[in-house]
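Going by the working numbering, 158 is the number at position 158 of the sequence shown; the sequence numbering is gapless.
Reviewing the structure listed below.
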Amino acid sequence: MVARKNSAKNCAGADPLALGFYSTTEVIDPIPLEIEGGIPSWITGALYRGAQATWDVNNFTSEHWFDGFSRQYRFEIENGKVSYRSRNESDEVQDFVRETGFWPGGSFGNDLCKAIFGAFEANFRDASGNKGDNNTNSVSVGYVKNFPGLARNTTNFGPLVSLVVTIDGGNALQQIDPVTLEPIELFIYDGPGFSNPGSAFTSAHPGIGANDEVYNYILDLESKPPIYQIFAIEANGQGRILANITDAPPAYIHSISSTENYARQSLTSSNRGTPDRPTFFYVIDKKKGGIFAKYTAPAFFAFHEINSIRKVGPENPNIGIDLPARFRRFRLQNFLNAHEGDDLVAKIELEIPYDIGNIELPRINDNYHHKPYRYTYGVHVVKRGFFVDSIIKIDIETQTTKLWVPETNHLPSEPVFVPRPGCDDEDDGVLLTLAMDSATSRSNLVVIDAKTMTELGRAKMPIAMGYGFHGVWGRV
Ligand SMILES: [Fe+2]
1 MVARKNSAKN CAGADPLALG FYSTTEVIDP IPLEIEGGIP SWITGALYRG
51 AQATWDVNNF TSEHWFDGFS RQYRFEIENG KVSYRSRNES DEVQDFVRET
101 GFWPGGSFGN DLCKAIFGAF EANFRDASGN KGDNNTNSVS VGYVKNFPGL
151 ARNTTNFGPL VSLVVTIDGG NALQQIDPVT LEPIELFIYD GPGFSNPGSA
201 FTSAHPGIGA NDEVYNYILD LESKPPIYQI FAIEANGQGR ILANITDAPP
251 AYIHSISSTE NYARQSLTSS NRGTPDRPTF FYVIDKKKGG IFAKYTAPAF
301 FAFHEINSIR KVGPENPNIG IDLPARFRRF RLQNFLNAHE GDDLVAKIEL
351 EIPYDIGNIE LPRINDNYHH KPYRYTYGVH VVKRGFFVDS IIKIDIETQT
401 TKLWVPETNH LPSEPVFVPR PGCDDEDDGV LLTLAMDSAT SRSNLVVIDA
451 KTMTELGRAK MPIAMGYGFH GVWGRV
């Protein structure tokens with residue numbers, strides 16, 4: 001996708017995808033947004049979204065979606081009103097590109113080798129202290145709330161959430177101030193026994209434990225064979241290696257998942273044009289470390305995990321893993337009794353046809369993370385040829401769906417579920433999605449009743465905001 005230098009207009013009736021590739025200005029101080037419909041008064045908190053927001057710097061024009069310069073957005077909702085602010089997070093990168101005309105280390109939009117490896121060549125200091133570089137990389141893919149070991153009280157605005165934004169597939173994290181959005185520090189995963197030169201691959205979405213522990217991997221490609229170091233960052237901020245995987249080929253892995261006691265890593269090589277190579281699932285002990293079992297499945301690729309649940313029962317302990325795109329539930333049977341060399345197969349237990357249930361950027365009610373659950377929500381495609389055009393709710397129990405499909409062409413983002421305080425039902429709450437409207441060439445924060453999938457109201461932005469992949473909800 002090539003960024004355009006002209007302003008966004010005359011896109012009514014078209015796929016709104018292109019609207020997000022026009023540069024916009026940051027809004028340091030919060031501004032109120034015009035409301036259409038009604039925003040429930042019980043919604044109190046802030047929605048964070050990251051996106052590329054600047055595409056042209058001097059003579060440099062970004063030629064790939066991931067080469068835009070990052071910006072964070074904060075939408076504060078209270079008493080039915082919505083305000084927003086935003087902040088650029090990569091000004092030093094912009095300065096460098098402005099002066100040289102080149103991305104440091106190579107961009108995604110030019111040489112393929114640079115695109116794959118060069119983008120991760122920047123050097124970062126470790127995670128101790130808050131005095132390192134803070135905006136020398138463009139980081140805006142995912143979020144981790146309450147990242148272990150980071151200082152929480154970064155402003156005088158009460159108890160705060162520390163946000164870390166991970167770069168897609170790379171090994172850089174950026175702490176940002178949850179109120180002002182100021183970039184605080186760039187850092188890398190680190191701990192005793194870590195071999196992390198700062199150029200290794202890691203997952204954009206680590207597994208998260210019950211006490212905010214973080215589980216992820218570092219792929220050391222310089223070792224022969226390549227080593228996947230599976231690690232934990234404990235609640236106190238201490239890192240430790242859980243296992244080393246040395247019998248798997250290098251692969252792109254976007255998500256790590258975990259149940260209460262076990263981390264799960266799936267390795268696939270199908271995205272490398274080799275569909276005859278299987279996908280591997282590894283089950284790893286989160287407490288003692290070590291690999292319990294290794295399963296194989298036919299080649300597939302999935303960016304995200306919806307949920308992972310361990311079925312309770314000593315006779316046949318197993319793990320269910322739900323994955324999006326074509327909704328699939330894999331079952332890892334009897335992993336506690338597995339032995340090295342066992343030929344274990346990950347069975348597909350449930351599958352929903354793509355035309356009915358295609359889903360990406362999946363979310364659930366976070367209170368059901370690692371627990372039996374019934375509903376998932378995500379972006380969906382109704383019209384052939386559109387990137388995404390609607391929001392889907394899948395009832396996994398009945399395998400039925402409900403859709404939010406706006407009257408004019410919209411490009412909705414990952415729907416973030418916000419539970420209604422005191423609710424009993426899993427789907428009693430709202431979905432918050434940033435949606436570009438091609439009829440107005442503007443983005444809207446749309447509030448959708450999660451039970452009925454009907455729109456309750458929307459807050460209208462004065463700009464078409466760049467399309468960000470993920471968001472997070474917090475109360476600060
Ligand atoms: Fe993602």
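Yeah, the Cβ is synthetic: ideal placement off N, Cα and C, and Gly gets one too.
Suppose you measure from the CA of G471 to the CA of A14; what does that come to, to the nearest Å?
Looking up residue 471 in the sequence shown gives position 471. Looking up residue 14 in the sequence shown gives position 14. Distance between G471 and A14, taken at the CA atoms: about 25 Å.
Does at least one heavy atom of ligand 1 sit under 8 Å from the Cβ of S255?
As a working note, residue 255 is residue 255 in the sequence shown. Inclusion of S255 in the 8 Å shell around ligand 1 follows from its C-beta lying nearer than that to a non-hydrogen atom of the ligand.
Burial state of T408 (16 or more Cβ within 10 Å)
Mapped onto the sequence shown, residue 408 falls at position 408. Answer is exposed; the Cβ neighbour count stays below 16.
Where do the ends of the beta strand (DSSP E) carrying G378 lie?
In the sequence shown, residue 378 corresponds to position 378, counting from 1. For G378, the enclosing beta strand (DSSP E) starts and ends at 375-380.
Unbroken stretches of the alpha helix (DSSP H), 4 residues or longer, contained in the stretch 163-234
As far as the stretch 163-234 is concerned, it has no whole alpha helix (DSSP H) run of at least 4 residues.
Measuring CB to CB, does I176 end up less than 9 Å from I188?
Start at 1 with the first residue of the sequence shown, and residue 176 comes out as number 176. Start at 1 with the first residue of the sequence shown, and residue 188 comes out as number 188. Cβ atoms of I176 and I188: not closer than 9 Å.
Nearest candidate by alpha-carbon position, reference Y329, set N307, V405, F335
In the sequence shown, counting from the first residue as 1, residue 329 sits at position 329. Checking the sequence shown, residue 329 turns out to be Arg, not Tyr. Of the listed residues, the one whose Cα sits closest to R329 is N307.
Counterpart residues of D424 in DSSP-defined beta bridges
The residue given as residue 424 occupies position 424 in the sequence shown. Per DSSP, none; premise fails for D424.
Give the single residue among G239, D322, P148 whose Cα lies nearest to the Cα of I256.
Locating residue 256 in the sequence shown gives position 256, where the first residue counts as 1. Nearest C-alpha to I256: D322.
On a Cα-Cα basis, can you pick out the residue from N444, T246, T400 that is closest to T433?
Mapped onto the sequence shown, residue 433 falls at position 433. The option with the nearest alpha carbon to T433 is N444.
What would DSSP say about Q94, mapped onto helix, strand or coil?
Against the sequence shown, residue 94 aligns to sequence position 94. Three-state result, Q94: helix.
Can you tell me whether DSSP reads N358 as helix, strand or coil?
The residue you call residue 358 lines up with position 358 of the sequence shown. Here N358 sits in coil by DSSP.
Using CA coordinates, which residue listed in D389, S413, L350, W404 is at the minimum distance from T398?
Locating residue 398 in the sequence shown gives position 398, counting from the first residue. For T398, the nearest C-alpha among the options comes from L350.
Our contact map puts D428 next to K451 with C-beta atoms below 8 Å; I'd like the distance itself, whole angstroms only.
The residue you call residue 428 lines up with position 428 of the sequence shown. The residue you call residue 451 lines up with position 451 of the sequence shown. Confirmed, Cβ separation roughly 7 Å.
Under DSSP, the beta strand (DSSP E) around P30 begins and ends at which residues?
Reading the sequence shown from its first residue, position 30 is the one you call residue 30. From DSSP, P30 is part of no beta strand (DSSP E); its letter is neither H nor E.
Hey, would you say N88 sits closer than 9 Å to N58, going by beta carbons?
Here residue 88 is taken as the residue at index 88 of the sequence shown, counted from 1. Here residue 58 is taken as the residue at index 58 of the sequence shown, counted from 1. Between N88 and N58, the CB-CB gap reaches or exceeds 9 Å.
Can you tell me whether L323 sits near ligand 1, meaning its C-beta is under 8 Å from at least one heavy atom of the ligand?
For the purposes of this step, residue 323 is taken as the residue at position 323 of the sequence shown. No; taking the cut-off as 8 Å, the Cβ of L323 has no heavy atom of ligand 1 nearer than that.
Can you round the beta-carbon distance between H380 and I359 to whole angstroms, since I take them to be within the 8 Å contact cut?
Your numbering for residue 380 matches position 380 in the sequence shown. Your numbering for residue 359 matches position 359 in the sequence shown. Rounded, the Cβ-Cβ distance is 6 Å, consistent with contact.
Check each candidate in P178, T180, V214 and name the one with the smallest Cα separation from D190.
In the sequence shown, counting from the first residue as 1, residue 190 sits at position 190. Of the candidates P178, T180, V214, V214 places its Cα closest to the Cα of D190.
Under the three-state reduction of DSSP, which class applies to N10: helix, strand or coil?
Mapped onto the sequence shown, residue 10 falls at position 10. Per-residue confidence for N10 stands at a pLDDT of 46, beneath the threshold of 50, marking its modelled position as unreliable; the derived number appears in the next sentence. In the three-state reduction of the DSSP assignment, N10 falls in the coil class.
Does DSSP put L112 in a helix, a strand or coil?
Residue mapping note: residue 112 aligns to position 112 of the sequence shown, counting from 1. Confidence at L112 is low in this model, with a pLDDT of 37, below 50, so its placement is unreliable and the value that follows should be read with caution. L112 sits in a helix when the DSSP states are folded into three classes.
Compute the minimum distance between the beta carbon of V416 and the heavy atoms of ligand 1, and state whether it is under 8 Å.
As a first step, residue 416 is located in the sequence shown; it is residue number 416 there, counting from the start. Distances between the C-beta of V416 and the heavy atoms of ligand 1 are all 8 Å or more.
Determine contact between the stretch 277-286 and the stretch 230-248, defined as no fewer than three beta-carbon pairs at a distance below 8 Å.
Taking a cut-off of 8 Å on C-beta distances, the stretch 277-286 touches the stretch 230-248, as three or more cross pairs fall below it.
Quick one: what does DSSP say A243 is sitting in, helix, strand or coil?
For the purposes of this step, residue 243 is taken as the residue at position 243 of the sequence shown. Here A243 sits in strand by DSSP.
If R240 and P206 are in contact, beta carbons under 8 Å, what's the gap, nearest whole angstrom?
Numbered from 1 along the sequence shown, position 240 holds the residue referred to as residue 240. Numbered from 1 along the sequence shown, position 206 holds the residue referred to as residue 206. About 14 Å separates the beta carbon of R240 from that of P206, a gap too long to meet the 8 Å contact definition.
If you drop the 5 nearest sequence neighbours on each side, which residues of the same chain put their C-beta closer than 7 Å to that of P426?
Residue mapping note: residue 426 aligns to position 426 of the sequence shown, counting from 1. For clarity, residue 426 is Glu in the given sequence; the question names Pro instead. Within the same chain, and ignoring the five residues on either side of E426 in sequence, the residues whose Cβ sits closer than 7 Å to its Cβ are N365, Y368, Y373, R374, Y375.
Same chain, Cβ closer than 7 Å to W42, neighbours up to 5 away in sequence not counted
Residue numbering aside, residue 42 sits at position 42 when the sequence shown is read from its first letter. Around W42: R420, P421.
Is any heavy atom of ligand 1 found at a distance shorter than 8 Å from the C-beta of A251?
Here residue 251 refers to the residue found at position 251 of the sequence shown. No, ligand 1 has no heavy atom inside 8 Å of this Cβ.
Considering only the alpha carbon of each residue, which of V447, L431, K460 lies closest to T440?
Along the sequence shown, one-based indexing puts residue 440 at 440. In this structure, K460 is the residue among V447, L431, K460 with its C-alpha nearest to the C-alpha of T440.
On the CB-based measure, 16 or more other CB atoms within 10 Å of its CB, does Y295 come out buried or exposed?
Translated into the one-based positions of the sequence shown, residue 295 becomes position 295. Looking at its Cβ environment, which holds 16 or more other Cβ atoms inside 10 Å, Y295 is buried.
In terms of DSSP beta bridges, what is E78 paired with?
As a position in the sequence shown, residue 78 is number 78, starting the count at 1. The partner list for E78 (beta bridge, DSSP) reads K81.
Judging by CA-CA distance, which residue of P16, E63, N137 is the nearest neighbour of F96?
Numbered from its first residue, the sequence shown carries residue 96 at position 96. Minimum Cα distance to F96 is reached at N137.
CB of D437 within 9 Å of CB of P16, strictly
Indexing the sequence shown from 1 puts residue 437 at position 437. Indexing the sequence shown from 1 puts residue 16 at position 16. Contact flag set, yes.
Between which two residues does the beta strand (DSSP E) containing S308 stretch?
Taking the sequence shown and counting its residues from 1, one reaches residue 308 at position 308. Secondary structure note for S308: its beta strand (DSSP E) is the uninterrupted segment 307-311.
Return the chain-ordered list of same chain residues with a C-beta closer than 6 Å to the C-beta of K383, the five sequence neighbours on each side being excluded.
As a first step, residue 383 is located in the sequence shown; it is residue number 383 there, counting from the start. These residues qualify, in order along the chain: D389.
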